[in-house]
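Have a look at the structure below before the remarks.
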Amino acid sequence: MAFLNDNYLKLKAGYLFPEIARRVNAFCEGNPDGKARLIRCGIGDVTEPLPPAAVAALHSAVDELASRDTFRGYGPEQGYPFLRQAISQNAYRAHGIDVAEDEIFISDGSKCDCGNILDILGHQNRIGIPDPVYPVYVDTNVMAGHTGDADASGAYAGLHYLPGTAENGFVPAPPQEKLDVAYLCFPNNPTGAVATRAQLQAWVDYALANDTLLLFDAAYEAYIQDASIPRSIYEIPGARRCAIEFRSFSKNGGFTGVRCAFIVVPGELTAKTADGQRVPLRGLWSRRTSTKFNGTGYIVQRAAEALYSPEGKAQVAALIAHYMGNAAILRTGAVNAGLQVFGGENAPYIWVKTPNGLSSWEFFDNMLNKANVVITPGSGFGRAGEGYFRISAFNSRENAIEVARRIRELV
Ligand SMILES: *Cc1c(COP(=O)(O)O)cnc(C)c1O
Numbered sequence: 100m101a102f103l104n105d106n107y108l109k110l111k112a113g114y115l116f117p118e119i120a121r122r123v124n125a126f127c128e129g130n131p132d133g134k135a136r137l138i139r140c141g142i143g144d145v146t147e148p149l150p151p152a153a154v155a156a157l158h159s160a161v162d163e164l165a166s167r168d169t170f171r172g173y174g175p176e177q178g179y180p181f182l183r184q185a186i187s188q189n190a191y192r193a194h195g196i197d198v199a200e201d202e203i204f205i206s207d208g209s210k211c212d213c214g215n216i217l218d219i220l221g222h223q224n225r226i227g228i229p230d231p232v233y234p235v236y237v238d239t240n241v242m243a244g245h246t247g248d249a250d251a252s253g254a255y256a257g258l259h260y261l262p263g264t265a266e267n268g269f270v271p272a273p274p275q276e277k278l279d280v281a282y283l284c285f286p287n288n289p290t291g292a293v294a295t296r297a298q299l300q301a302w303v304d305y306a307l308a309n310d311t312l313l314l315f316d317a318a319y320e321a322y323i324q325d326a327s328i329p330r331s332i333y334e335i336p337g338a339r340r341c342a343i344e345f346r347s348f349s350k351n352g353g354f355t356g357v358r359c360a361f362i363v364v365p366g367e368l369t370a371k372t373a374d375g376q377r378v379p380l381r382g383l384w385s386r387r388t389s390t391k392f393n394g395t396g397y398i399v400q401r402a403a404e405a406l407y408s409p410e411g412k413a414q415v416a417a418l419i420a421h422y423m424g425n426a427a428i429l430r431t432g433a434v435n436a437g438l439q440v441f442g443g444e445n446a447p448y449i450w451v452k453t454p455n456g457l458s459s460w461e462f463f464d465n466m467l468n469k470a471n472v473v474i475t476p477g478s479g480f481g482r483a484g485e486g487y488f489r490i491s492a493f494n495s496r497e498n499a500i501e502v503a504r505r506i507r508e509l510v
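Residue numbering for the sequence shown follows the numbering used here, beginning at 100 and increasing consecutively.
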């Protein structure tokens with residue numbers, strides 16, 4: 100008989116989005132009119148078509164594969180040099196940030212990278228996770244056996260939660276305790292909060308002083324409008340010695356269905372063996388990648404490369420401007436409805452306090468049943484998200500305007 104991974108049984112039953120889907124389906128079944136009016140601002144998925152530069156690159160890469168002379172099979176597991184070079188140059192060196200192409204590893208998504216990184220880390224680490232945050236960090240640590248059971252409030256024993264609150268502007272400061280690994284996500288999903296240079300410097304200083312590995316998720320860096328806010332952790336002196344950065348083409352190039360992302364593991368970044376020897380992480384990650392991955396599709400990597408062409412950059416900028424225009428409309432709508440509103444200025448998410456002390460799911464049901472709008476309950480992102488909800492700006496302009504109107508009407 101095969102034994103299973105018991106850790107999976109510790110996971111809480113409903114991952115957030117299946118529970119939302121269940122309630123939305125139940126609503127639609129009994130309510131054809133509501134179904135017709137329904138606007139989804141729930142799941143964080145982009146809505147606009149791919150940038151034409153990426154589409155053209157996909158077409159021509161498919162044509163290459165269609166001909167014997169230009170056909171390609173397996174590529175390098177770590178990614179094609181053309182894409183690693185384009186990223187090093189355009190995402191980093193052009194901004195004065197030192198990241199070399201052999202420190203960049205191409206993948207098929209940041210979600211996978213966030214989970215897979217645990218493969219090269221030990222099981223004895225004290226792990227800090229912001230709350231609220233992207234649920235993948237918590238669940239992958241549960242699956243890896245890094246936690247005990249969840250308590251009634253949903254908090255797992257053995258994890259060190261870093262609460263984001265209205266008081267700290269949803270940017271948790273480094274804790275008093277010593278952590279071995281800490282996740283950071285800025286601009287944040289779900290709160291839309293961004294960390295200032297000083298706040299990130301405090302984290303890097305903490306990490307260097309305590310020998311902490313920072314896992315910095317910058318999936319939304321392209322949405323930063325304020326030029327003083329860092330887009331990469333490597334803008335902070337010392338970060339190359341303590342941080343891994345996760346980036347994705349999902350939210351800037353609209354690649355959620357195309358699938359391409361990368362992680363940066365700086366050459367000087369090390370972690371300790373059980374007997375205290377320091378070993379560079381880059382070699383471990385490269386080895387893991389060669390063994391468990393056969394590379395992201397060639398056509399996909401060509402499409403990602405095209406986002407860095409002059410046309411590609413302009414088209415990505417237009418996509419971001421579109422979503423941030425929606426964010427401004429939704430933000431203003433919620434403010435005018437008298438709600439307490441956060442985020443939405445450097446991120447495609449608006450984070451809102453529920454009115455009248457309603458719980459996140461109570462307000463979710465109200466919005467669904469009365470306004471026919473799907474939002475995301477804040478409590479789905481962690482205990483500290485209770486009493487809040489997230490509105491996504493990933494939508495058409497008409498829908499954003501209509502959702503802003505319905506929020507004013509409902510509240
Ligand atoms: C969307 C998102 C990602 C990107 O995930 P992909 O797997 O690359 O699509 C990563 N982190 C956060 C916080 C996200 O919201």
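Note that CB positions come from ideal geometry on N, CA and C, so glycine has one too.
Would you mind reading off the limits of the beta strand (DSSP E) that contains residue 259? The residue given as residue 259 occupies position 160 in the sequence shown. Its beta strand (DSSP E) spans residues 258-262.
Near residue 426, which residues of its chain fall below 6 Å by C-beta distance, leaving aside the five closest residues on each side in sequence? Taking the first residue of the sequence shown as 1, we reach residue 426 at position 327. Contacts found: 443, 447 and 492.
Would you please state the rounded distance, in angstroms, between the beta carbons of residue 331 and residue 191? I believe it to be under 8 Å. Translated into positions along the sequence shown, residue 331 becomes position 232. Translated into positions along the sequence shown, residue 191 becomes position 92. That belief holds up - the Cβ atoms of residue 331 and residue 191 are roughly 7 Å apart, short of 8 Å.
Below 7 Å CB to CB, which residues in the same chain sit around residue 236 once its five sequence neighbours on both sides are set aside? Position 137 of the sequence shown, counted from the start, is the residue given in the question as residue 236. For residue 236, same chain residues with a beta-carbon under 7 Å away, outside a window of 5 residues either side, are 213, 228 and 282 in chain order.
Of all residues in the structure, which have a C-beta closer than 6 Å to any heavy atom of ligand 1, taken in chain order? 143, 208, 209, 210, 233, 284, 288, 316, 318, 347, 349, 350, 355 and 360
Report the three-state DSSP secondary structure of residue 358 (helix, strand or coil). Start at 1 with the first residue of the sequence shown, and residue 358 comes out as number 259. Looking at residue 358 - three-state DSSP - the assignment turns out to be coil, as it is neither helix nor strand.
On the three-state DSSP scale, how would you describe residue 311? Position 212 of the sequence shown, counted from the start, is the residue given in the question as residue 311. In the three-state scheme derived from DSSP, where H, G and I count as helix and E and B as strand, residue 311 is classed as coil.
Bridge partners of residue 284, per DSSP? Within the sequence shown, numbered from 1, the residue matching residue 284 stands at position 185. Among the bridge pairs identified by DSSP, residue 284 is matched with 316.
Can you tell me which of the three DSSP states residue 458 falls into? In the sequence shown, counting from the first residue as 1, residue 458 sits at position 359. Residue state, collapsed to three classes: coil.
Among 215, 341, 497 and 151, which residue has its Cα nearest to the Cα of residue 404? The residue labelled residue 404 in the question sits at position 305 within the sequence shown. With distances taken between Cα atoms, residue 404 lies closest to 151.
Do you know offhand how far residue 339's Cα is from residue 280's? By 1-based counting over the sequence shown, the position of residue 339 is 240. By 1-based counting over the sequence shown, the position of residue 280 is 181. Whole-angstrom Cα-Cα distance: 15 Å.
Whole-angstrom C-beta distance between residue 263 and residue 483, which should lie under 8 Å: Residue 483 sits at position 384 when you count from the first residue of the sequence shown. Residue 263 sits at position 164 when you count from the first residue of the sequence shown. Between residue 263 and residue 483 the Cβ distance is about 6 Å, and since that is below 8 Å, they are a contact.
State the Cα-Cα distance for the pair residue 360 and residue 334, rounded to the nearest angstrom. The residue you call residue 360 lines up with position 261 of the sequence shown. The residue you call residue 334 lines up with position 235 of the sequence shown. Going from the Cα of residue 360 to the Cα of residue 334 covers about 20 Å.
Give every residue of the same chain whose Cβ lies closer than 7 Å to the Cβ of residue 202, excluding the five residues on either side of it in the sequence, and list them in chain order. Reading the sequence shown from its first residue, position 103 is the one you call residue 202. For residue 202, where only same-chain residues beyond five positions count, the Cβ hits under 7 Å are 363, 364, 365, 366 and 381.
7 Å Cβ shell around residue 103 - same chain, five flanking residues per side excluded: In the sequence shown, residue 103 corresponds to position 4, counting from 1. The beta carbon of residue 103 is closer than 7 Å to none in its chain, skipping five residues each way along the sequence.
Along the chain, which unbroken stretches of the alpha helix (DSSP H) at least 4 residues long are found entirely within the segment 102-139? Listed in chain order, the complete alpha helix (DSSP H) runs (minimum 4 residues) inside the segment 102-139 are 115-128 and 131-136.
For the beta strand (DSSP E) that residue 290 lies in, which residues bound it at each end? Counted from its first residue, the sequence shown places residue 290 at position 191. Careful: residue 290 lies outside any beta strand (DSSP E) and carries neither H nor E.
I'd like the span of the alpha helix (DSSP H) that includes residue 399, first residue to last. On the sequence shown, position 300 is the one that residue 399 refers to. Taken as a continuous stretch (DSSP letters only), the alpha helix (DSSP H) holding residue 399 covers 397-405.
With distances taken between CB atoms, is the gap from residue 438 to residue 510 smaller than 8 Å? Position 339 of the sequence shown, counted from the start, is the residue given in the question as residue 438. Position 411 of the sequence shown, counted from the start, is the residue given in the question as residue 510. Yes; because the gap between Cβ atoms is below 8 Å, this pair is in contact.
Do you know how far the Cα of residue 119 is from the Cα of residue 125? Against the sequence shown, residue 125 aligns to sequence position 26. Against the sequence shown, residue 119 aligns to sequence position 20. Cα to Cα, the separation comes out at about 10 Å.
Enclosing beta strand (DSSP E) for residue 428 [first to last residue]: One-based indexing of the sequence shown puts residue 428 at position 329. Unbroken run through residue 428 is the alpha helix (DSSP H), 409-435; no beta strand (DSSP E).
Looking at the unbroken beta strand (DSSP E) that takes in residue 230, where does it start and where does it end? If you number the sequence shown from 1, residue 230 lands on position 131. Its beta strand (DSSP E) spans residues 226-230.
In the DSSP assignment, find the alpha helix (DSSP H) that holds residue 172 and state where it starts and stops. Reading the sequence shown from its first residue, position 73 is the one you call residue 172. Premise fails: residue 172 is in no alpha helix (DSSP H) and is neither H nor E.
Quick test of your reading: residue 434 and residue 138, contact by CB under 8 Å. State the CB separation rounded to the nearest angstrom. If you number the sequence shown from 1, residue 434 lands on position 335. If you number the sequence shown from 1, residue 138 lands on position 39. Not really, about 19 Å apart at Cβ, beyond 8 Å.
On the CB-based measure, 16 or more other CB atoms within 10 Å of its CB, does residue 223 come out buried or exposed? Indexing the sequence shown from 1 puts residue 223 at position 124. Exposed.
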